[in-house]
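Read through the structure below, which is laid out as structure tokens, and then see the notes.
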């Protein structure tokens, strides 16, 4: 054990520390001696966050009161990241009264730490068969705040004991003494439990005059009901579910570019249609955010069409802050998969609360998981290289803000355990993923397929035709809007090539760095206009406001740039492609300011439109950007982006380049081709599914 502690302390990289911490945790167990525990305890208080975090998780495996007392102390630590990791790690141990009380305090406070505490309390309650009713009752006696009480009641719902059911029933029926939010939490928990008593209570509450409790009772009744077998013979073909909870999706992609609704949202809507049209597929359900009324309609009238959407109700919040809604998200996903199932496979992407919740539901329902194994956040952490002392000590605060250790472990676990893996193209992907994620290369190779994301060929062709129609004077609203804004510029600017960037106004997309790169160079300003497509400019989210403030700051530094900047805000997906096509007609260029892109669908769409692209050197773009169609840059630096734009503008007018770029995308990088490859992977995961006609791999 001490050897592993020393190895972790000596590790100079974050990815190496993740591996060393896993080895340390594996070395600590019931046989760990009482003389060894103090060394682990001392390491949990070390100033080095990598050593301390690894030691906290190792300590959770050590037997005896020394570890119990130390973990209880860590739950009260001054550093938020130590408290969070202690709340996470303690879930693997038998409950201790003082620790349970502290975990309930954390759960009641919400946030990411509250999710970890609640999750650990639930794990302990399942193993012990209860023991949450009395401590939750004591905690409820100490607070009258409805939201705090609601979180405590939600936590009580994780206790499987009959005594907890009785307490939840009393709270649900207490119309005089409890706020609607608290009663609704109890109602939802009763739906998870089922049983004749709970169903009878819910039937009565469904007729309540309380506008919050009654609809929750109807949903809970559905949750409490036995799963209905599908009516009639099942049609041949795969039943596929996929998940995107960052936004409320619709077939027209009308909210593209708002908040968290970025390129992956556009991809999944179009991919659902392409999958449903692929031989071997019966139906595709895309789960996204939605209203409770939509979720109710979905559950009562399951969709029969090939590609459909299912609503998962959850409180409004950016996805990065949605961890505290894990129980609500899990409940909504389970309801959809039960009501609209059975499903042969569910495809999960990203290390977020939706994936965390859906993986558990899939395990409970016996649905095989295909996971997109992108090394995130590992690749970003790996790029830090060897850490000096200051950078190492800053990782604790960074973990508290970004939860990178938890997300890394989630991605590693799903990569190890999923039945199939879709790997994004990147240089040496099949070697880098085992190195970064610590998975066995042979296991990865046996379950994985490298599958590029694809563009919608029909949309590309339509966008190009519309750009040409607009050039001839036909009305195309988004291009008319762009034309009016350009016409209002000084005359010398009106015929300049367009630099275009499309995407969310999020820090990760680096839109402000693009503005700085362009605005800070008098030569670029003089020879191009910059068009930004994306973001809610009328009612921006907090993250969008941060990016808009950074853009404004760049314009203050370079006031002359304002005359050549057009901010179109969010537009439907097809409108964004029309803007790309318009820029391609005038020897413009596409610019991506991300530090990395796992693949970069918008970049591929720009290439398909005929634009030369400036793209980040980290991630997938290096697999399809070459010296003829674009430039790879360090997306973290405005200077590198600026140099890339200058180079791209020299490539734009090269004869034949645009045609070759369009042909390459339409030949190899379409969404239809992506769908065919995915179906091949899904059939490997679910080989017993009768598909009728074999799946096609082409586009």
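In this note's numbering, the protein residues as written are 490 to 1188. C-beta atoms are modelled at their ideal positions from N, C-alpha and C, and glycine is treated no differently.
Put residue i into one of helix, strand or coil per three-state DSSP.
i	result
residue 860	strand
residue 1109	helix
residue 733	coil
residue 1088	coil
residue 1066	helix
residue 778	strand
residue 499	helix
residue 994	coil
residue 1163	helix
residue 609	helix
residue 1080	strand
residue 540	helix
residue 1075	coil
residue 1021	strand
residue 1056	strand
residue 1131	helix
residue 727	strand
residue 772	strand
residue 504	helix
In whole angstroms, what is the alpha-carbon distance linking residue i and residue j?
i	j	result
residue 875	residue 501	5 Å
residue 508	residue 615	29 Å
residue 921	residue 1032	31 Å
residue 822	residue 564	31 Å
residue 838	residue 808	13 Å
residue 569	residue 886	8 Å
residue 1083	residue 1019	17 Å
residue 518	residue 551	5 Å
residue 625	residue 677	17 Å
residue 1106	residue 915	10 Å
residue 892	residue 849	20 Å
residue 541	residue 1051	49 Å
residue 938	residue 970	43 Å
residue 910	residue 857	11 Å
residue 1196	residue 538	No information on residue 1196 is available, as it lies outside the stretch 490 to 1188 that the chain covers here.
residue 1163	residue 636	44 Å
residue 1053	residue 1081	18 Å
residue 1036	residue 806	18 Å
residue 600	residue 573	10 Å
residue 1103	residue 1157	20 Å
residue 776	residue 704	20 Å
What is the residue span of the beta strand (DSSP E) that residue i lies within?
i	result
residue 940	Neither: residue 940 is in no beta strand (DSSP E) and is coded neither H nor E.
residue 1119	1119 to 1122
In the DSSP assignment, the alpha helix (DSSP H) including residue i goes from what residue to what residue?
i	result
residue 909	Element bounds for residue 909: not the alpha helix (DSSP H) but the beta strand (DSSP E), 909 to 912.
residue 961	Counting along the chain, residue 961 falls outside any alpha helix (DSSP H), and DSSP gives it neither H nor E.
residue 988	First-last for residue 988: 987 to 991, but that is the beta strand (DSSP E), not the alpha helix (DSSP H).
residue 800	No alpha helix (DSSP H) holds residue 800; the beta strand (DSSP E) holding it covers 796 to 801.
residue 1012	1011 to 1016
residue 435	The structure shown does not extend to residue 435, since the chain is modelled only from 490 to 1188, so the question has no answer here.
residue 1044	1031 to 1046
residue 920	918 to 926
residue 1150	1146 to 1157
residue 1100	Element bounds for residue 1100: n/a, residue is neither H nor E.
residue 1007	1000 to 1008
Check whether the Cβ of residue i sits closer than 7 Å to any heavy atom of the ligand NAD, and report yes or no.
i	result
residue 552	Judged by which ligands are present, the structure shown has none, so any question about the ligand NAD falls away.
- Do the region 990 to 1006 and the region 1017 to 1036 touch if we need at least three Cβ pairs shorter than 8 Å? yes
- Taking the runs of the alpha helix (DSSP H) that are 4 residues or longer, which of them lie wholly in the region 554 to 585? 554 to 564 and 569 to 578
- Task: Determine contact between the region 758 to 769 and the region 782 to 791, defined as no fewer than three beta-carbon pairs at a distance below 8 Å.
- Result: no
- Could you tell me whether the region 1109 to 1126 touches the region 974 to 989, where touching means 3 or more Cβ pairs closer than 8 Å? no
- Item | Minimum length 4: unbroken alpha helix (DSSP H) runs contained in the region 814 to 897 | 815 to 829, 842 to 854, 867 to 871, 878 to 882 and 884 to 891
- Query: Counting Cβ pairs, one atom from each stretch, are 3 or more of them under 8 Å apart for the region 852 to 867 and the region 911 to 921?
  - Reply: yes
- Message: Suppose only complete runs of 4+ residues qualify. What are the alpha helix (DSSP H) ranges in the region 619 to 691, listed by chain order?
- Response: 622 to 629, 635 to 645, 651 to 662 and 669 to 682
- Three CB pairs or more closer than 8 Å across the region 947 to 966 and the region 1030 to 1046: no
- Message: Taking contact to mean 3 or more Cβ pairs, one atom from each stretch, closer than 8 Å, check whether the region 802 to 814 and the region 1132 to 1144 are in contact.
- Response: no
- Query: Does the region 567 to 580 come close enough to the region 606 to 624 to have 3 or more Cβ pairs within less than 8 Å?
  - Reply: yes
- Query: Do the region 958 to 978 and the region 1090 to 1098 make contact, defined as three or more Cβ pairs closer than 8 Å?
  - Reply: no
- Item | Three-pair Cβ contact test at 8 Å for the region 752 to 759 versus the region 667 to 683 | no
- the region 490 to 505 contacting the region 520 to 532, beta-carbon criterion three pairs below 8 Å: yes
- Message: Three or more C-beta pairs under 8 Å: does that hold for the region 1059 to 1068 against the region 1010 to 1018?
- Response: no
- Query: Would the region 785 to 795 and the region 706 to 713 be scored as touching if the rule is three or more Cβ pairs under 8 Å?
  - Reply: yes
- Message: Does the region 638 to 645 come into contact with the region 590 to 602, if we say contact requires no fewer than three beta-carbon pairs (one atom in each stretch) closer than 8 Å?
- Response: yes
- Message: Quick check: the region 652 to 661 against the region 680 to 696, are at least 3 beta-carbon pairs closer than 8 Å?
- Response: yes
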